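*Asks:* The structure's right below; bear with me while I get my questions together.
Protein chains: 2
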Amino acid sequence: MVMEEKKISSAVIRRLPRYYRYLGELIESGVQRISSKELSARMKVTASQIRQDLNNFGGFGQQGYGYNVQYLYEEIGKILGIDRNHNMVIIGAGNLGKAIVNYSDFEKRGFVIKGIFDNNPKIKGTKIRGIEVRMMNELTDFIKDNEIEIVALTIPKEAARQIAKVVADAGVKAIWNFAHTDLNLPDDVIVENVHLSESLMRLSYTIANRK
Amino acid sequence: MVMEEKKISSAVIRRLPRYYRYLGELIESGVQRISSKELSARMKVTASQIRQDLNNFGGFGQQGYGYNVQYLYEEIGKILGIDRNHNMVIIGAGNLGKAIVNYSDFEKRGFVIKGIFDNNPKIKGTKIRGIEVRMMNELTDFIKDNEIEIVALTIPKEAARQIAKVVADAGVKAIWNFAHTDLNLPDDVIVENVHLSESLMRLSYTIANRK
DNA sequence: TAGATTGTTAATCGATTAACAATC
DNA sequence: TAGATTGTTAATCGATTAACAATC
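What follows is the structure, given as structure tokens:
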């Protein structure tokens, strides 16, 4: 019997990491159980939405009680795939690349930075948080040898479009794209975009159009 | 007679900067006119959506012809509020703050970085792209004296929550928040979040759950 | 047991897509 | 004029909210 997988909407997926973050903070402050109503007040969403969202993945709560914070936190972690490690490389050792390398929380969540790549020979062999900076000609072999799943692109858009193809061919599963361009790649390569200039323009729109 | 302003949905606003980016690239490649059909093919959205989105703001096209690329680009720029300058300060002179300061495209779009603030006395008075690093005690006066509209927060979450209140009181219009927390501020302060860890978790979700 | 709160169905609301008359 | 393509209304689709029976 073939399981008919219910398709989870991207609206739900967008909210999951936020639930995870709030649950993490609840754990830190020693809260052990929470109702959808109380969580909804903190997060400024409806309790109904929380229950609907969670029930896409199964019933994690208990009638009359609410949700066990620790348990729900772990379950959402599993759903998000951060219950295991993901090997990652950063391409572009500029400020943005360095910022990602130095942000230790990613590693805590299982995103292990195995290498940093740049095209500037002057910084070849230098280290950022103990991780060696390598040149681009090593990239394809490095991806294969180190089972790299994720590539973060913090380089200009023209280079990003070109390198994206290279790393897709090398077999990475996903690209975390900070370049100000869309990447046209085969469907089996996941692309998650962080378009900072678009974010800033949305902010500007809101300034310009608020009552 | 009071104008009944039609509320623009956030889904539309999210797409506007992307239209703007594509139109900019069309201008660079010398394209002078484009139909919604052709643009839809490039952007991988429906032509119907493009026409609906644009018609929230007025009729920019011409039947039988399509849209004048330059004109539409400028009109969307006006809608996004980037037809004028916005003074900005960056709080946090770490790698992420530096990345923003050094990314010259923001300035090209009218986001003028007037100051950089940090709490590390060792870098007081140093310059990043010619802009002086100042200490936090100068912040409130600086915001008022320089008509700062936007504050980018690239500092840890605890500091971000505290400084957000300070700059809101100082009268900034909007906060571009890179800290891994939500900011609870009065409704008249606009907050645009860039939660990198949430972006990375969505990517991880997609890896874990793809067919 | 009584009260609380979930899981889930139904109702509503909003966004996207389709269709086509208007018109350049 | 004939062809192309917009602007806009109508139809569809999907997401959010409300309601409530199930149950801890």
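In order, the protein sequence lines correspond to chains X and W. For the first sequence, our numbering begins at 640 and goes up steadily by one. For the second sequence, our numbering begins at 640 and goes up steadily by one. Heads up, the beta-carbon is just placed ideally off N, CA and C, and yes, glycines get one too. For clarity, every value in this text was computed on a predicted model and none was experimentally measured.
#1: In the stretch 707 to 727 of chain W, which residues sit with their C-beta less than 8 Å from some C-beta in chain X, listed in chain order?
#2: Where does L655(W) fall in DSSP's three states?
#3: Going along the chain, which residues of its own chain have a beta-carbon closer than 8 Å to the beta-carbon of K645(X), five neighbours each way excluded?
#4: Give the interface partners of L839(X) over in chain W, defined as CB-CB distance under 7 Å, in chain order.
#5: What does P760(W) reach in chain X if we use C-beta pairs closer than 9 Å?
#6: Relative to chain W, which residues along the stretch 691 to 706 of chain X have a C-beta separation below 8 Å, given in chain order?
#7: Could you check the C-alpha separation between K717(X) and S649(X) for me, to the nearest Å?
#8: Return the residue from the list L719(W), E746(W), I715(W) that minimises the CA-CA distance to M727(W).
#9: Buried or exposed: G736(W), going by 16 or more other Cβ atoms within 10 Å of its Cβ?
#10: Of all Cβ atoms in chain X, is any one closer than 8 Å to the Cβ of R849(W)?
#11: For E713(W), name the three-state secondary structure that DSSP assigns.
#12: Identify the residues that DSSP records as bridge partners of G705(X): which are they?
#13: Would you say A738(W) faces chain X, with C-beta separation under 8 Å as the test?
#14: Give a yes or no on whether the minimum CB-CB distance between V790(X) and chain W is below 8 Å.
#15: I want to verify the contact list: residues of chain W whose CB lies under 9 Å from the CB of Q787(X), in sequence order.
#16: Identify which residue in I814(X), I770(X), L842(X) has its Cα closest to the Cα of G754(X).
#17: So E677(W) contacts chain X; which residues on that side make the cut at Cβ distance below 8 Å?
#18: Under 8 Å: do the stretch 678 to 687 of chain X and the stretch 768 to 786 of chain X share three or more Cβ pairs, one atom per stretch?
#19: If we define contact as Cβ-Cβ less than 8 Å, is I846(W) a contact residue for chain X?
#20: On a Cα-Cα basis, can you pick out the residue from L842(X), K763(X), V833(X) that is closest to I739(X)?
#21: Just reading off the beta strand (DSSP E) that F750(W) is part of, what are its end residues?
#22: Among T820(X), G663(X), V651(X), R653(X), which one has its Cα closest to the Cα of T820(W)?
#23: Can you tell me whether DSSP reads I802(W) as helix, strand or coil?
#24: Where does I846(X) fall in DSSP's three states?
#25: Taking just the CA atoms, how far does I802(X) sit from K761(W)?
#26: Just the chain X side, please: which residues come within less than 7 Å of I652(W) by C-beta, in chain order?
#27: From the DSSP output, in three-state form, read off A791(X) for me.
#28: From the DSSP output, in three-state form, read off G813(W) for me.
#29: Shortest alpha-carbon distance to S675(W) belongs to which of V651(W), Y706(W), G697(W)?
#30: Helix, strand or coil: how does DSSP classify I721(W) here?
#31: Return the residue from the list S843(W), Y844(W), I829(W), M840(W) that minimises the CA-CA distance to S858(X).
#32: Using a Cβ-Cβ distance under 8 Å, would M829(X) count as near chain W?
#33: Mind reading off the beta-carbon distance from I789(X) to A813(X)? Whole number of angstroms is fine, and I expect it under 8 Å.
#34: Find the nearest neighbour of D827(W) within the set A847(X), D826(X), W815(X), E677(X), judged by alpha-carbon distance.
#35: Where does G700(W) land, buried or exposed, given buried means 16+ other C-beta within 10 angstroms?
#36: Quick check: is the beta carbon of L655(X) nearer than 8 Å to any beta carbon in chain W?
*Replies:* According to the structure shown:
#1: I718, L719, G720, I721, H725
#2: helix
#3: N695
#4: F745, F750, W815
#5: None at all; the shortest Cβ gap to chain X is about 21 Å.
#6: none
#7: Inter-residue distance for K717(X) and S649(X) is about 17 Å (C-alpha atoms, whole angstroms).
#8: E746(W)
#9: Counting Cβ neighbours within 10 Å, G736(W) comes out buried, since at least 16 surround it.
#10: yes
#11: Assigned with DSSP and collapsed to three states, E713(W) falls in helix.
#12: Q701(X)
#13: yes
#14: no
#15: The identity of residue 787(X) in the sequence shown is Ile, whereas the question assumes Gln. None at all; the shortest Cβ gap to chain W is about 12 Å.
#16: I770(X)
#17: None at all; the shortest Cβ gap to chain X is about 16 Å.
#18: no
#19: yes
#20: V833(X)
#21: Run containing F750(W): 750 to 757, per the beta strand (DSSP E) assignment.
#22: G663(X)
#23: Helix at I802(W).
#24: helix
#25: Between the alpha carbons of K761(W) and I802(X) lies a distance of about 38 Å.
#26: Simply R841, Y844.
#27: strand
#28: Reading off the sequence shown, one finds Ala at residue 813(W), where the question assumed Gly. If DSSP states are grouped into helix, strand and coil, A813(W) belongs with the strands.
#29: Cα-wise, what sits closest to S675(W) is Y706(W).
#30: coil
#31: This structure leaves residue 858(X) out entirely; chain X is present only between 640 and 850.
#32: For the sequence presented, residue 829(X) should be read as Ile rather than Met. So, interface residue.
#33: 5 Å
#34: Per the Cα distances, A847(X).
#35: By the neighbour-count rule (16 or more Cβ atoms within 10 Å), G700(W) is buried.
#36: yes
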